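Positions 249 to 499 (my numbering) are the ones given, in order, by the sequence shown.
Every residue, glycine too, gets a C-beta built ideally from N, C-alpha and C.
Values in this document were obtained by computation on a predicted structure and should not be read as measured data.
These notes are about the structure you will find just below.
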Amino acid sequence: DYVPLEEGSDGTASKICTVVWSDNGIDGYDIIAEDSIVMNDGTEQWTALVKENTSFTFSLNIGAFYTGVPIVTANGVEINGIEGQYNIIITEDTEINVSGIYEDESNISGTGTINDAYVVSRPIDLLYIAEQVNAGLGNYASAAYILANDIDCKGEAISIIGTAENPFSGCFCCVSNIETGDIERHTISNFTITSMDKNCVGLFGYVQVDMSVEGSGLFYGICLDDFEIIAGTTMLEENNRNLNCGGLIGY
249 DYVPLEEGSD GTASKICTVV WSDNGIDGYD IIAEDSIVMN DGTEQWTALV
299 KENTSFTFSL NIGAFYTGVP IVTANGVEIN GIEGQYNIII TEDTEINVSG
349 IYEDESNISG TGTINDAYVV SRPIDLLYIA EQVNAGLGNY ASAAYILAND
399 IDCKGEAISI IGTAENPFSG CFCCVSNIET GDIERHTISN FTITSMDKNC
449 VGLFGYVQVD MSVEGSGLFY GICLDDFEII AGTTMLEENN RNLNCGGLIG
499 Y
């Protein structure tokens, strides 16, 4: 229900409305509201207190490992956003529901050969490659990869690609411009890596050149920006605590 907030200029009491985001079990997005709005983040339900008959603006920040087209409704009525920003006039207690967001899945194209490299274009692709390489599956450890565009990981944690047990022996590059011959450059940014149980830590932890693999060990055109690596060996045995740490390549 409405409760008094403050007295208005006409002597009547202003009201506040409660804006609630429905807990429909969807993860993968953050709500960014106006600075004057208090959001109860960290709970299962987000709420905001808004003056009656005022405009309320918010946006959705979809997580790096999620995708979809958000469908946003206010009290059951769909509202359209402009470039991810939504604006509604609050006249009553309002329940906002967000749907259409789901966990992303990697669908990298290619076969991994030097002439048909795996194409990497999204944060989820980096997670997928790490899972496959570190588990020793398929040809992923020795495959050729092309970074097709910039990738913003939005502050999310990603996994090391390549371990001492299953090293990476392929190549990871950007394509060359056919007309000019110049190598394109793309950036992987805004990610974190935390490791306390590995000797080799970086985006690529352990790289081992294999002379039988065409292009093995080649990295070019790859830039890293705004990343954090927290590395240690405290979880390893005392006689095995040497640490090799780098940005792109640990060892």
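{"query": "Among GLY324, THR339, ILE319 and GLU340, nearest to ILE330 - alpha-carbon criterion", "result": "ILE319"}
{"query": "Residue burial classification, GLY290 (beta-carbon count within 10 angstroms, cutoff 16)", "result": "Caution applies to GLY290, whose pLDDT of 49 falls short of 50 and renders its modelled position unreliable; the value that the coordinates give is listed next. It is exposed - the Cβ of GLY290 has fewer than 16 other Cβ atoms within 10 Å."}
{"query": "Cα-Cα separation, LEU491 to ALA479", "result": "8 Å"}
{"query": "Inside the region 361 to 397 only - alpha helix (DSSP H) runs reaching at least 4 residues", "result": "371 to 382"}
{"query": "Minimum C-alpha distance to ASP373 - residue among ILE436, ILE356 and MET483", "result": "ILE356"}
{"query": "C-beta contact flag for PHE387 and SER369 at 8 Å", "result": "Before going further, note that residue 387 is Asn rather than Phe in the sequence given. Cβ distance not < 8 Å, so ASN387 and SER369 don't count as in contact."}
{"query": "Cross-strand partners of SER424 (DSSP beta bridge)", "result": "ILE431"}
{"query": "Option nearest ILE327 by Cα separation, candidates PHE313, SER354, THR440 and PHE306", "result": "PHE306"}
{"query": "Beta-carbon proximity of ALA322 to ILE344, cut-off 8 Å", "result": "yes"}
{"query": "is_contact[SER437, chain B] using C-beta, thresh 8 Å", "result": "Absent from the structure: chain B. Only one protein chain is present."}
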